[in-house]
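Asks: One structure, as structure tokens, below. Some questions next.
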Amino acid sequence: MKKEISFTLNGSEVTVTIDEHLCLIDILRGPLGQTGTNEGCREGECGACTVIVDGQAVNSCLYPAFEVEGKNVITIEGLQEPNNKLSVFQQAFVDHGAIQCGFCTPGMIMSAKALLDTNQNPTEDEIRDALLGNLCRCTGYVQIVEAVKQAAVQLKNKK
Amino acid sequence: MTNFHYIGKEASRPDGPDKAAGKAVYIQDLQRPGMLYGKIKFSDFPHARIKHIDTSKAERLTGVRAVITATNTPEIRLGFLRDNFALKKDKVRQYRDEIAAVAAIDPEIAEEAIELIKVEYEPLPGLFSPHEAMKEGAPLVHERDPQGNSRTDNLVPLQFHHESGDLEAGKRAAKHVVEGTFTTPMVQQCCMGTAGCIAEFDMNSNLTVWAKTQIPFLAQRDFNRALSDMGLAGKNARVIVPTLGGGFGSGLDTHCYEYIAILLAFRTGYPVKIVYTRAEEFANLSPRQSSTTKIIQGCDQNGKLTFRHVEVLQDNGAYTSWGATYPSVMMMPATSLYRISNVYFNAQLVYTNNTYCQAMRGYGNPEFTWALESNLDELAEEAGIDPFDFRMLNSNKPNETTPMGLKISTCGLKECLETVAQKLNWKKRYKKGKHRGKGLASLIHVGGGARIYRSDASGLILKLDDFGNVNVYHGGVEMGQGLHSVLTMAVAEALGVSSKRVLINPTDTGTCPWDVGTHASRGAFMACNAAILAANKLRDKIFGLAEVFYPQEVEKNLKKLKKKNPNYKPPDFDVIKAARRENFELQDGFIFIKDGPQESWLRLELARLLRAIHFRNQGQMFTTEVFYDPPNELPDFKKGFGNISATYAFGTQGAEVEVDTETGEVKILKMVAAHDVGKVLNPQALKGQMYGAIAQGIGYAFYEELLSKQGKILNPNFRDYKIPRVYEMNFPIELEFIESNDKFGPFGAKGVAEPGLVPTAPAIANAIYDAIGVRIHDLPITPDKVLAALKKLKQTKD
Ligand code: FES
Ligand code: FES
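Those protein sequence lines, which keep their order, are chains U and Y.
For the first sequence, my numbering begins at 766 and goes up steadily by one.
For the second sequence, my numbering begins at -12 and goes up steadily by one.
Rendered as structure tokens:
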């Protein structure tokens, strides 16, 4: 069954016709051409596909596409700032060596953002909790946790 | 010591921003015009004859562009021993055997078509362990060898054998002898980005493959051979490497799915993409081999090792990959970790109907070091010597040749041991009953390339442009490990330009010079050595031509300056006389005269000099090419002798653990890793690589095991196959790098990609023994195994 849905993607209204069985990741990576969101398992087990829907980090590989109707979706593409500048989160990952192959990176960053959007002073345990669903095979997570801590500090200083 | 501008400094990686922005293009993201999607029909049995394949329904499905089987395509062989086929004709030997494939306009149709393919089989008895497969009268996995001769057993016809010294004399000299059998499971590389490729032909029948590979040039050779099997001899395969979502050894071979994509692309005339799902990746991509190692070691009354006897048995699975040469690496620690002179080593690989195995980070070394370092602790205890003292006593030293003929140039093993002992506060042990313990384990690994192929070389091209950019073309593969990060620094350092001016081009067999592949921790060692050679060649040429052009250009500078500032008085300095090639220096993109006056007009921008040389009659431009071949040798593995690497990496890891004797859970309190890396090139990248390797070592120690029953993979997902999450990696890891400054290493550096996971598991097992007195012989160390061992211990005590 085809269906038309409208939602806000990274600040802009979009309307797409979708097959009802599709998941959010399919329309992001497919018709909307937003390939920054990666698919690592399609089973809700790796977090590579994490995006933010109405403030919540979700696995877009399990999230039914039709359910984003009227909602606010933020993907990694939505973080970048004007004039080709990285956001604080992205820059912190770059600066701290939190990126190797980079496949988990967009998902990690989205999970970190969802946390810091609601909690400006996260403890290390809270950071670890927020990243629990995001697998990384390359980094051992040490520099990722450091990057999120750094992003938290920078965001606070910015305010 | 040399003063470096870039080397040794923290620097973020050049591909970091794109990756952070979600702009890196993985094989999953790549699209080509008119692209079709390929899908493979895998076997339904682990061992069976194929009686009939019915593809008629699949062919009729709307949107399907081609259905291929072994009967309607040319035979393509692959594998280390060429014992595998892209599509199977008469017989399947493992569940993942490829029987048919389709190309369709979208992935869903391709999948639907696969389900419409019906295969009739005649099941055959299967062999699911090397022990079964070695029994007399066992069914044969391969009835014939690739040359067509009948086979009589299931042994893989590869020999890995070493004997040195006088084993019997070593045994006689031993006061203490300890024997043990240790096993390791099949584990998966678990790249976060799954495997895949796109194959595309142009109308001249030349092929381009975008491949998730670590060996673009060997892949080119393999694919060209396939083209010739397809009747396209003389046509070329160009291999382009997109951003890799991890490698860890999984890209060390060409894979059946790549040949299938090639066949489908040729049949349809359109580009064909095949990307594995996670379940396919777990079930159909080759994992690390499982192993059984029997080891006996002895020492004299002072603790000096007198002999080592090793027998390894490995389940190769149904076909051979490069991974069938794992024992070539096992031989290295077997003969050369700690000083020992009487060694026996023999390894046997066996064909079974399990999934066939391939390379994974460490390549046999983690498997073997697990046995060696566990057993060494047992021997130390038997001899009544502290494990640390025992290792110090037997430690390798610089400038020694080992029984295998490894020429150890630099060796920081003693420093590594001491560092770990100090960081763990080694001599202060926990009291019995606290269930806390400390353990350590060391490693040796190739650190200066590894010649396992006719050439171990790496080519590199530097191309300067009119703007002072340095374009780098190198055949090595960035798979996340940070190769391009250190290569950027090496070029900037060696040439004398800003690292911002160094632009690394995509790895492409069409533009980059040959490189054997990114494996064996050789990437940075090779690339940076090649970069130094190339930079020196370029500097030579630049400095030569600068004798003429530098004075002309700085003269212009001076004129301008004088116009602006008529009172300026230049120093008394004869530029023309000073402009001799040996007097020039190039730094941060400026050329000047060493020890000349510090005037700014004498600092000439490299780009200006290059333009002056380019834009004139008989102009010249600067491109240089080098081919670095390291000073190592292709060993004779039947005799177990040869200096496989130019230099060797050493390291020690220590673990402090607490064991819950009720649940069998082991908690890591702290890990310490000290590695002899030769020279730290980029601390940030190096730390990242080490942390990541240790995490993989933790996975190997505690959770990871690809389970299979009757050849079927039982846990093809991250729910049932656990890799460490941020939660499990919640303990302090202290890293220490020992800089032994190896003469063969670029800026002194050794390869370090693999060492970080090699000693992790035995260090932990030794700590568990220290904590609760039980020795675990079989990885992974699950709570069940700990409890069972505790129970057994209690029974023997009672
Ligand atoms: S792709 Fe969604 S959780 Fe793995
Ligand atoms: S950086 Fe490779 S999976 Fe995280």
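No residue lacks a Cβ here, since even glycine has one placed at the ideal position from N, Cα and C.
Since this is a predicted model, take the numbers as computed values, not measurements.
Looking only at its chain, what residues have a beta carbon closer than 7 Å to the beta carbon of A198 (chain Y), apart from the 5 residues adjacent to it on each side?
Replies: Working through the second sequence from its first residue, we reach residue 198 (chain Y) at position 211. Answer for A198 (chain Y): C184, A206, V226, V228, E245, listed in chain order.
Asks: E804 (chain U): beta carbon under 7 Å from a heavy atom of ligand 1?
Replies: In the first sequence, the residue the question calls residue 804 (chain U) occupies position 39. Under cutoff, so the answer is yes.
Asks: Beta-carbon within less than 6 Å of T782 (chain U)'s beta-carbon, same chain only, minus the 5 sequence neighbours each way: which residues are those?
Replies: One-based indexing of the first sequence puts residue 782 (chain U) at position 17. Contacts found: K767, E769.
Asks: Quick check on Y343 (chain Y): buried or exposed, where buried means 16 or more other Cβ atoms within 10 Å of its Cβ?
Replies: Mapped onto the second sequence, residue 343 (chain Y) falls at position 356. Under this definition Y343 (chain Y) is a buried residue.
Asks: Specify the secondary structure class of Y678 (chain Y) as computed by DSSP and reduced to three states.
Replies: If you number the second sequence from 1, residue 678 (chain Y) lands on position 691. Y678 (chain Y): helix per DSSP, three-state reduction.
Asks: With 8 Å set as the bound, which would you pick, yes or no: does the beta-carbon of Q747 (chain Y) sit closer than that to a beta-carbon of chain U?
Replies: One-based indexing of the second sequence puts residue 747 (chain Y) at position 760. Rather than Gln, the amino acid found at residue 747 (chain Y) in this sequence is Thr. With 8 Å as the cut-off, T747 (chain Y) does not count as an interface residue toward chain U.
Asks: Closer than 9 Å by beta-carbon distance: list the chain U residues that pair up with A97 (chain Y), in chain order.
Replies: Residue mapping note: residue 97 (chain Y) aligns to position 110 of the second sequence, counting from 1. Within 9 Å Cβ-Cβ: nothing; A97 (chain Y) doesn't reach chain U, min ~15 Å.
Asks: With a threshold of 7 Å (Cβ to nearest heavy atom), would Q671 (chain Y) be considered close to ligand 2?
Replies: Start at 1 with the first residue of the second sequence, and residue 671 (chain Y) comes out as number 684. Result no, Cβ not under 7 Å from ligand 2.
Asks: Taking C-alpha atoms, which residue in U:M873, U:Y828, U:N848, U:R794 lies nearest to H786 (chain U)?
Replies: Position 21 of the first sequence, counted from the start, is the residue given in the question as residue 786 (chain U). Minimum Cα distance to H786 (chain U) is reached at U:Y828.
Asks: Within the same chain, show all residues whose beta-carbon is closer than 6 Å to that of K222 (chain Y), passing over the 5 residues directly before and after it, in chain order.
Replies: Your numbering for residue 222 (chain Y) matches position 235 in the second sequence. Excluding the 5 residues flanking it on each side, K222 (chain Y) has same chain C-beta neighbours closer than 6 Å at S192, N193, L214, in chain order.
Asks: By the 7 Å beta-carbon criterion, what residues does the segment 263 to 279 of chain Y contribute toward chain U?
Replies: T264, R265
Asks: If I follow the unbroken beta strand (DSSP E) through W197 (chain Y), where does it start and stop?
Replies: Counted from its first residue, the second sequence places residue 197 (chain Y) at position 210. Annotation for W197 (chain Y): the continuous beta strand (DSSP E) segment containing it runs 194 to 198.
Asks: E778 (chain U) bridges to which residues according to DSSP?
Replies: Here the question's residue 778 (chain U) lines up with position 13 in the first sequence. According to DSSP, which records beta bridges pairwise, E778 (chain U) is partnered with U:T773.
Asks: Under the assumption that S854 (chain U) contacts T870 (chain U) (Cβ atoms under 8 Å), give the Cβ distance between them as a whole number of angstroms.
Replies: In the first sequence, residue 854 (chain U) corresponds to position 89, counting from 1. In the first sequence, residue 870 (chain U) corresponds to position 105, counting from 1. Residue identity differs from the one stated: residue 854 (chain U) is Phe in this sequence, not Ser. That belief does not hold up - the Cβ atoms of F854 (chain U) and T870 (chain U) are roughly 10 Å apart, past 8 Å.
Asks: What does DSSP give as the partner residues of N71 (chain Y) in its beta bridges?
Replies: As a position in the second sequence, residue 71 (chain Y) is number 84, starting the count at 1. DSSP lists Y:L65 as partners of N71 (chain Y).
Asks: Just curious, the alpha helix (DSSP H) that R159 (chain Y) is in, first and last residue?
Replies: Locating residue 159 (chain Y) in the second sequence gives position 172, counting from the first residue. Segment 154 to 160, the alpha helix (DSSP H) holding R159 (chain Y).
Asks: According to DSSP, what are the bridge partners of D851 (chain Y)?
Replies: Only positions -12 to 785 of chain Y appear in this structure, which leaves residue 851 (chain Y) out of reach.
Asks: Consider the C-beta atom of T904 (chain U) and the heavy atoms of ligand 2; say whether any pair is separated by less than 7 Å.
Replies: The residue you call residue 904 (chain U) lines up with position 139 of the first sequence. Yes, the beta carbon of T904 (chain U) sits closer than 7 Å to at least one heavy atom of ligand 2.
Asks: Can we say the segment 349 to 368 of chain Y touches the segment 116 to 136 of chain Y, given the rule of at least three CB pairs closer than 8 Å?
Replies: no
Asks: Helix, strand or coil: how does DSSP classify H506 (chain Y) here?
Replies: For the purposes of this step, residue 506 (chain Y) is identified with residue 519 of the second sequence, where counting begins at 1. Coil, per DSSP.
Asks: Output the residue ranges of the beta strand (DSSP E) runs that lie fully inside the segment 13 to 58 of chain Y and measure 3 residues or longer, sorted by chain position.
Replies: Taking only runs of at least 3 residues, the beta strand (DSSP E) segments lying wholly in the segment 13 to 58 of chain Y are 23 to 29, 35 to 41, 51 to 56.
Asks: What residue from Y:A518, Y:S382, Y:N458, Y:Y306 has the CA that sits closest to A444 (chain Y)'s CA?
Replies: By 1-based counting over the second sequence, the position of residue 444 (chain Y) is 457. Per the Cα distances, Y:A518.
Asks: Helix, strand or coil: which one does DSSP assign to M217 (chain Y)?
Replies: Residue 217 (chain Y) sits at position 230 when you count from the first residue of the second sequence. Three-state DSSP puts M217 (chain Y) in coil, outside helix and strand.
Asks: Nearest CA to the CA of L336 (chain Y): which residue from Y:T170, Y:E480, Y:T307?
Replies: Position 349 of the second sequence holds residue 336 (chain Y). For L336 (chain Y), the nearest C-alpha among the options comes from Y:T307.
Asks: Ligand 2 and T870 (chain U): does any heavy atom of the ligand fall closer than 7 Å to the residue's C-beta?
Replies: Sequence index remark: in the first sequence, residue 870 (chain U) carries index 105 (1-based). For ligand 2, at least one heavy atom lies less than 7 Å from the Cβ of T870 (chain U).
Asks: Bridge partners for M658 (chain Y) per DSSP, in chain order?
Replies: By one-based count along the second sequence, residue 658 (chain Y) stands at place 671. DSSP output for M658 (chain Y) lists Y:A642, Y:I720 as bridge partner(s).
Asks: Can you find the residues in the same chain that come closer than 8 Å, C-beta to C-beta, to H601 (chain Y), ignoring five residues on each side of it along the sequence?
Replies: Your numbering for residue 601 (chain Y) matches position 614 in the second sequence. These residues qualify, in order along the chain: D453, Q607, M608.
Asks: For V262 (chain Y), which three-state DSSP category applies?
Replies: Sequence index remark: in the second sequence, residue 262 (chain Y) carries index 275 (1-based). DSSP places V262 (chain Y) in strand when its eight states are reduced to three.
Asks: Name the DSSP bridge partner or partners of Q821 (chain U)?
Replies: Residue 821 (chain U) sits at position 56 when you count from the first residue of the first sequence. In the DSSP output, where bridge partners are listed per residue, Q821 (chain U) has U:V818.
Asks: Pick out whichever of Y:N71, Y:T42, Y:F32 has its Cα sitting closest to the Cα of T58 (chain Y).
Replies: In the second sequence, the residue the question calls residue 58 (chain Y) occupies position 71. Per the C-alpha coordinates, the member of Y:N71, Y:T42, Y:F32 positioned closest to T58 (chain Y) is Y:T42.
Asks: I'd like to check one pair, A863 (chain U) with S876 (chain U): are the Cβ atoms closer than 8 Å?
Replies: Along the first sequence, read from residue 1 onward, the residue named residue 876 (chain U) stands at position 111. Along the first sequence, read from residue 1 onward, the residue named residue 863 (chain U) stands at position 98. Between S876 (chain U) and A863 (chain U), the gap from beta carbon to beta carbon reaches 8 Å or more.
Asks: Rounding to the nearest angstrom, what Cα-Cα distance links G732 (chain Y) and I92 (chain Y) in this structure?
Replies: Counting from one through the second sequence, the residue named residue 732 (chain Y) turns up at place 745. Counting from one through the second sequence, the residue named residue 92 (chain Y) turns up at place 105. Each residue's alpha carbon lies about 50 Å from the other.
Asks: With a threshold of 7 Å (Cβ to nearest heavy atom), would C499 (chain Y) be considered close to ligand 2?
Replies: Start at 1 with the first residue of the second sequence, and residue 499 (chain Y) comes out as number 512. In this structure, the C-beta of C499 (chain Y) stays at least 7 Å away from each heavy atom of ligand 2.
Asks: Just checking I864 (chain U) against ligand 2 - is the residue's beta carbon closer than 7 Å to any of the ligand's heavy atoms?
Replies: The residue you call residue 864 (chain U) lines up with position 99 of the first sequence. With a cutoff of 7 Å, I864 (chain U) counts as near ligand 2, since its C-beta is closer than that to a heavy atom of the ligand.
Asks: Run through chain U and tell me which residues come within less than 8 Å of F705 (chain Y), C-beta to C-beta.
Replies: Indexing the second sequence from 1 puts residue 705 (chain Y) at position 718. Near F705 (chain Y) (Cβ distances below 8 Å), the residues of chain U are C806, E808, E810, C811, L900.
Asks: Hey, would you say S695 (chain Y) sits closer than 8 Å to N271 (chain Y), going by beta carbons?
Replies: Numbered from 1 along the second sequence, position 708 holds the residue referred to as residue 695 (chain Y). Numbered from 1 along the second sequence, position 284 holds the residue referred to as residue 271 (chain Y). S695 (chain Y) is not a Cβ neighbour of N271 (chain Y), given a cutoff of 8 Å.
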